[in-house]
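Enquirer: Sharing a structure below in structure tokens format, with a few things to ask.
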Amino acid sequence: MDPGYRGALKPTGGSSAWHKRRPLELRETLVSYAFLLPALAFFGVFVVYPILVGVFTSFFDYTMRKFDFVGLDNYIRLFGDKIFLKSMKNTILLVAGAVPMVVIFSVFISSTIYQKSPLVRSLFRGVFYLPVVTGTVSVTVVWKWIFDPFSGVLNWVLQSAGLTDQPIMWLGDRRYALWAILAVLFTTSIGQPVVLYTAALGNLDKSQIEAAEIDGASDWQVFRYVKWPGMMPTTLYVAVITTINSFQCFSLIQLLTSGGPNYNTSTVMYLLYERAFKLMQFGYANAMGVVLAVVIGIISILQFRVFGSNVEY
Amino acid sequence: MKRVVTILLMTVLLLSAHVAAQAPATQLKAEVTWWSFPNFLTVDGIPGKHEQSIIKAFNAKYPNIKVNIEMIDFASGPEKIVTAIQGGTAPDVLFDAPGRIIDYGKNGVLANLNDMFTAEFIKDVNNKNVIDACKVGSNFYMYPISTAPFLMAFNKDMLQKHGLLHMLPTEGDRTWTTSQYTALLKALKAKNERGAIVFCISQGGDQGTRAFMANLFNSSITDAAVTKYTINDSNGVKGLQYVVDAIKDGLLLNGSASDGTGAIDEFCAQRVSHTILFSPGLQAVKQHMTNFEPIMAPYPSENGTPALEYLIDGFCVLNNGDANRIKAAKLLIDFICNDPVWGPKNVVATNTFPVRSSFGNLYKGDGTMTFLAGLTKYYAPYYNTINGFAAMRTAWFPALQAAFSGEKTAKKALDDFVKAANESIKR
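In structure tokens form, the structure reads like this:
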């Protein structure tokens, strides 16, 4: 609670006045918590409880017919499971590729459009935000058609332009599959950062930019020393959110490749789904979920340390 | 006096219970939920319309049993069922196939249907493979209604146009050899026509790819007793190597990025000359998008004698702990499968063949269906009820992808597959 507010309630005109205010303070507190209660209950039932159950059951050999305590066996098994390690590697590659691409590209787009007329700015924001509001499944189905090796438009364009002789198996060839996934992930992740960066640039203190320009700073210097630090809170948010979303990449994989070819595009989330819902190894799948959450947590903390040190609110 | 009243009351209660127990099944009051994969043909292009007409007819006989139908699809349905079972919201009746149903049975979530497998029914089915596919140990969990073989299919119009129809056997059982098939593939390539897509992006339709490769050089997926996987024998490796080479030579298409449905749709769109997975049921389902005559044939094999995989459609009852609902669910299944009018009608709605021999030939005068009915003698051991079947399927398509991409040799891919599949049996 704000110390100033608390101070305002402290007795100033004798203890009797303070005692009169106490019930009022208590009532306000209770009312505040009552308003928070529905959200808290929702959070408890649909977030905290499943997390606790997930962690708890990760110590069990939990299938449709078994629920036997196995201690850390699921975790030990995970680190000897080549497919899990491959999936973790793919996941980290996706994150390592997607996060910088999203940040750099969205900063570039936002810097380009934020001083344009409101109509042009809205048009571009709309274009980049469209894949977000369209829904992952619809977008993915369109991408599947684009990548189709036999009747897809991408191969048709490349072959028509004489760039390739044979159709490329974008989603079925291990040389291209993960890149293809990364491209789709990139397009579906870019919308919100573009909107946020455009807003952040619009809110920067113009006098600082003008002062820097008057002092003879180049465009790059203005960006590097004035705009970029001003956008740091947005960058922190975009980096953390894109990291979490990329780590949890699932629907793209399920709809485009089912983890193939030979698990070369499998992510931890996809493997978790496969183990839980196809093989009914719920305990083992939950152990994967716990490890993924820990990894995401560690990386998010690192991001807060790196980007957060320069953030001023 | 008190004792007399108590005795009288007890007697009345017992009598009422007895009368209730003796009440005709038609008076049974219950509400059941039926989840159905699209195994019945659509009516007017609307999925679930045939199922609705079944329910209407069922309710004419059992007015107090309310049936809620929900259509599920093959892509997300299996996961939806698992989630519902785990969440305690499972349906009462499920229309599916033994691969999944028997797995649920092994996991103890189904009510047994032993009382439905009467001596009369078993005698009428008269097929040990079908009966065995419906049970785990001595308990029956799936009530079968229809069956059909999985085959491959060619575009007859395309073959005719190129003067190649004579290269495909069209008489008798239409059995043929791998050499004949190779000759046809080469002839099709010479005419700039594409071969079949050997789809393997996911497990959907994987029975087709397994049967196709096992047949090419007369290998088999499992041993005859269905106790272990054997597709990595020298003939199985030859089969996979044949496909790898055919893809390299442009005779077949690498389907590492295609699923079974997509590959069949490419066939229906006439962009490929044939498909390695087809069935009479599929033909009926895809009729609206097929502007040519498909012609079905068994898989080619080195000695000309195929070993076919086959589909069995059937129902199971999920044990939701309510005896009344279980009873009502069984009545619904019995009506769908055995009603003198609706039983045969429902079999025809799957465009497959009845398991009950007493239904006779439901497709009189239909040459294709007569040919298909004669293929039962080529049915291979039914391995879809083997322990770990679901786990085996997750190892199959990565094995094909690894072989097609050159990541593994055909032998290594099959050895790794068999190792994983055999481990899944023990798990």
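As they're listed, the protein sequences go chains A and B. The first sequence lines up with residues 1 to 313 when you count with our numbering. The second sequence lines up with residues 1001 to 1427 when you count with our numbering. Quick reminder that beta carbons are idealized off the backbone N, C-alpha and C, glycines included.
Tell me the residue span of the beta strand (DSSP E) that contains E1070/B.
Expert: Here the beta strand (DSSP E) through E1070/B covers I1065 to M1071.
Enquirer: I want to verify the contact list: residues of chain B whose CB lies under 7 angstroms from the CB of P261/A, in sequence order.
Expert: In chain order: S1256, Q1401 and S1405.
Enquirer: Tell me the residue span of the beta strand (DSSP E) that contains C1316/B.
Expert: Per DSSP, C1316/B belongs to the beta strand (DSSP E) from Y1310 to L1318.
Enquirer: So, I1276/B versus M1152/B, is the Cβ gap smaller than 8 angstroms?
Expert: Cβ distance < 8 angstroms, so I1276/B and M1152/B count as in contact.
Enquirer: Going residue by residue through the segment 1139-1175 of chain B, where are the continuous beta strand (DSSP E) segments of at least 3 residues, counting only ones entirely within it?
Expert: Qualifying beta strand (DSSP E) stretches, in chain order: 1143-1149 and 1151-1155.
Enquirer: So if DSSP puts M1296/B in a beta bridge, which residue, or which two residues, is it bridged to?
Expert: Beta-bridge pairing links M1296/B to A1153/B.
Enquirer: What are the boundary residues of the alpha helix (DSSP H) that L70/A is part of?
Expert: The question names Leu, but residue 70/A is Val in the sequence shown. Where V70/A is concerned, there is no enclosing alpha helix (DSSP H), given that its DSSP letter is neither H nor E.
Enquirer: Could one say the Cβ of V1019/B lies closer than 8 angstroms to chain A's Cβ atoms, at least one of them?
Expert: At V1019/B, the pLDDT of 46 sits below 50, so the modelled position is not reliable; the number obtained from the coordinates is stated separately. Chain A contact via Cβ: absent.
Enquirer: With A1090/B and N1387/B assumed to form a contact (beta carbons below 8 angstroms), what rounded beta-carbon distance in angstroms separates them?
Expert: Actually they are not in contact, since the Cβ atoms of A1090/B and N1387/B sit about 22 angstroms apart, beyond 8 angstroms.
Enquirer: Looking at chain B, is there any beta carbon in it that lies within less than 8 angstroms of the beta carbon of K89/A?
Expert: Answer no: the Cβ-Cβ gap between K89/A and chain B never drops below 8 angstroms.
Enquirer: Below 8 angstroms between beta carbons: does that hold for L256/A and I181/A?
Expert: It is a contact, given that the beta carbons lie within the stated cut-off.
Enquirer: Do F1154/B and S1273/B have their C-beta atoms closer together than 8 angstroms?
Expert: Closer than 8 angstroms, so yes.
Enquirer: Just the Cα atoms here: how many angstroms apart are A1380/B and S160/A?
Expert: Near 47 angstroms, if we compare the C-alpha coordinates of S160/A and A1380/B.
Enquirer: Following the continuous beta strand (DSSP E) through T1033/B, name the residue where it begins and the one where it ends.
Expert: T1033/B -> beta strand (DSSP E) spans A1030 to S1036.
Enquirer: Look at the alpha carbon of G1406/B and the alpha carbon of T234/A, and state the distance between them as a whole number of angstroms.
Expert: Spanning the two alpha carbons is a distance of roughly 45 angstroms.
Enquirer: Give every residue of the same chain whose Cβ lies closer than 7 angstroms to the Cβ of T187/A, excluding the five residues on either side of it in the sequence, and list them in chain order.
Expert: P131, listed in sequence order.
Enquirer: With a Cβ-Cβ cutoff of 8 angstroms, do L271/A and G289/A count as a contact?
Expert: No, they are not a contact pair.
Enquirer: Please state whether DSSP places Y1242/B in a helix, a strand or coil.
Expert: Here Y1242/B sits in helix by DSSP.
Enquirer: Using 8 angstroms for Cβ pairs, my map puts N1232/B next to D1415/B. What's the rounded Cβ distance?
Expert: Confirmed, Cβ separation roughly 5 angstroms.
Enquirer: Going by DSSP, what residues sit across from S1301/B in a beta bridge?
Expert: Answer is T1177/B, bridged to S1301/B.
Enquirer: Going by DSSP, what residue range makes up the alpha helix (DSSP H) through S1274/B?
Expert: It should be pointed out that residue 1274/B corresponds to His in this sequence rather than to Ser. Looking at the DSSP string, H1274/B is not in any alpha helix (DSSP H); the run it does join, the beta strand (DSSP E), is H1274 to F1278.
Enquirer: Taking a contact to mean a Cβ-Cβ separation below 8 angstroms, would you say L196/A touches Q303/A in this structure?
Expert: Not in contact: L196/A and Q303/A (Cβ atoms no closer than 8 angstroms).
Enquirer: Tell me the residue span of the beta strand (DSSP E) that contains F1417/B.
Expert: Premise fails: F1417/B lies in the alpha helix (DSSP H), A1410 to K1426, not in any beta strand (DSSP E).
Enquirer: Since V1355/B is in the beta strand (DSSP E), which residue starts that stretch and which ends it?
Expert: First-last for V1355/B: undefined, no H or E at that position.
Enquirer: Alpha carbon to alpha carbon, how far is L292/A from V268/A?
Expert: Approximately 7 angstroms, taken between the alpha carbons.
Enquirer: Please determine, among I1197/B, Y1299/B and T1305/B, the residue with the shortest C-alpha to C-alpha distance to S1256/B.
Expert: Cα-wise, what sits closest to S1256/B is I1197/B.
Enquirer: Do you know whose CA, among I1221/B, S1036/B and G1045/B, lies nearest I1440/B's CA?
Expert: Chain B is shown only over 1001 to 1427; residue 1440/B falls outside these bounds and no answer can be derived.
Enquirer: Mind listing which residues of the segment 145-172 of chain A have their C-beta closer than 8 angstroms to chain B's C-betas, in chain order?
Expert: Answer in chain order: F147, D148, P149, F150, S151, M169, W170, L171 and G172.
Enquirer: Just list the residues that DSSP pairs D1096/B with in beta bridges.
Expert: DSSP lists G1314/B as partners of D1096/B.
Enquirer: Here's a check: name, in chain order, each residue in its chain whose Cβ is nearer than 6 angstroms to the Cβ of K1411/B, leaving out the five neighbours to either side.
Expert: Closer than 6 angstroms at Cβ, skipping near neighbours: V1237.
Enquirer: Between the segment 146-164 of chain A and the segment 99-109 of chain A, do at least 3 Cβ pairs fall closer than 8 angstroms?
Expert: The segment 146-164 of chain A, when compared against the segment 99-109 of chain A, does not touch it at the 8 angstroms Cβ threshold.
Enquirer: For F333/A, go through chain B and note every residue whose CB falls closer than 8 angstroms to its CB, in chain order.
Expert: Not covered by the structure: residue 333/A. The range shown for chain A is 1 to 313.
Enquirer: Taking 8 angstroms as the CB-CB cut-off, is V1317/B touching chain A?
Expert: It does not; no Cβ of chain A falls within 8 angstroms.
Enquirer: By Cβ distance, which residues of its chain are closer than 8 angstroms to A1373/B, with the 5 residues on each side in sequence left out?
Expert: Contacts found: F1353, N1361 and Y1363.
Enquirer: Alpha carbon to alpha carbon, how far is A1021/B from E1293/B?
Expert: Since pLDDT at A1021/B reaches only 48, below the 50 mark, its modelled position is unreliable, and the value read off the structure follows with that caveat. One C-alpha to the other measures close to 55 angstroms.
Enquirer: Hey, would you say V70/A sits closer than 8 angstroms to F84/A, going by beta carbons?
Expert: No.
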